[in-house]
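Everything on this sheet refers to the single structure shown next.
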Amino acid sequence: MTCLHKQVNVFFKVPNYTFIERFFYRNLCGCEHLKSSLYLHCITYKSFSVKNKSLEDHLRVLFNFNEIPQDEEWSSLIKNARLQSFKKNEVILKSNLRHSDVLFVAEGILASEFTAGEKTVIGRFFRPGNLCTNFDSLLHQTVSRYQIVSITSCTVISMTASDFREYYNNGISLGKILRNIVLEIIAEDILITDVKLLYGKNEMIEFIRTHYPDIAQKVPFKYIAQFLGITPESYSRILKQSHHNS
């Protein structure tokens, strides 16, 4: 068992925290004010049906509010954001362009992917409650080599990159939440990168099955294999061996 594997096991012994809260909280040594802020403002997203839900309904669930705050930032978000639905296998944000939108996932699973030669690689998956875009393209206004695709049918809340940057840089209430969400994304991306670099394929599959069960259950083998960097046949074979050994 690797040191990282032991560390991940420790993360999940911390009670009453979401997965990424446990990871990030443990690594903010000495930053008590930031730990407290993260605990208060990290998203705890609950499953719900999107049918007949308004934008305001989705925002309340997304940010765990009883009522949406009545201030200028939130009023602007409600006015300018859009609720969009996509079928599975749609390209939502295209590669080779500057990404001009930021998405909050309300329902379904999305992924960021790029193509190298004839090989498609998935960088990460986005689940309900996740903030979804290519931040390199967004913040530096560069062309993105990644595209965002819908792995399942999905519903997202979309805002423009310019609106997001305004809330993120200058916002007080909404801005504080968005800044904490971006910290979550950074922490989770670091963890996913470490897992991909340090874990064997069997360990990576077990990690997904244990800590991302919705992805293991809902995402076709093809896409999980692209995330792991193996063929769908290899992924299927490892799963069968795992079931046989258990």
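Note that the sequence shown covers residues 11 to 256 in my numbering. No residue lacks a Cβ here, since even glycine has one placed at the ideal position from N, Cα and C. These numbers come from a predicted model, not from an experiment.
Judged by DSSP secondary structure, Gln94 falls within the beta strand (DSSP E) whose first and last residues are 92-96. Boundaries around Gly133 are those of the beta strand (DSSP E), 129-136, since no alpha helix (DSSP H) includes it. Apart from sequence neighbours up to five positions away, the residues of its chain that approach Thr162 with a beta-carbon distance below 7 Å are Lys98, Gly118, Ile119, Lys228, ordered along the chain. Look at the stretch 173-209 and you find these whole runs of alpha helix (DSSP H), each 4 residues long or longer: 183-208.
The Cβ atoms of Ile202 and Ser160 do not sit closer than 8 Å to each other. Burial is judged here by how many other beta carbons sit within 10 angstroms of a residue's own beta carbon; Pro138 has at least 16 and is buried. The continuous beta strand (DSSP E) containing Thr170 extends over residues 164-170. Within its own chain, the residues whose Cβ lies closer than 6 Å to the Cβ of Thr130, once the five positions on either side in sequence are excluded, are Glu123, Gln236, listed in chain order.
Glu117: member of the beta strand (DSSP E) spanning 111-117, first to last residue. A residue is called buried once 16 or more other Cβ atoms fall within 10 Å of its Cβ, and Gly181 is buried on that count. Across the set Glu194, Tyr177, Cys164, Leu107, the C-alpha of Leu107 shows the shortest separation from the C-alpha of Gln151. Sorting Val192, Tyr177, Asn212, Ile215 by C-alpha distance to the C-alpha of Glu82 places Tyr177 at the top.
Counting C-beta atoms within 10 angstroms of its own C-beta, Thr143 has 16 or more neighbours from the protein chains shown and is therefore classed as buried. For Phe217, the uninterrupted alpha helix (DSSP H) segment begins and ends at 211-221.
Here Ala116 is buried. Its C-beta has 16 or more other C-beta atoms within 10 Å. Note on geometry: alpha-carbon atoms of Pro230 and Ser246 lie some 11 Å from one another. Judged by beta-carbon spacing, Tyr156 lies within the 8 Å limit of Ser105, meaning their Cβ atoms are closer than that value. 8 Å or more divides the Cβ of Phe135 from the Cβ of Ala126.
For Ser183, the closest of Ile225, Leu113, Phe73 by C-alpha to C-alpha distance is Phe73. In this structure, DSSP gives Phe231 a helical state, which the three-state scheme calls helix.
According to the DSSP secondary-structure assignment, Ser154 is paired through a beta bridge with Leu107.
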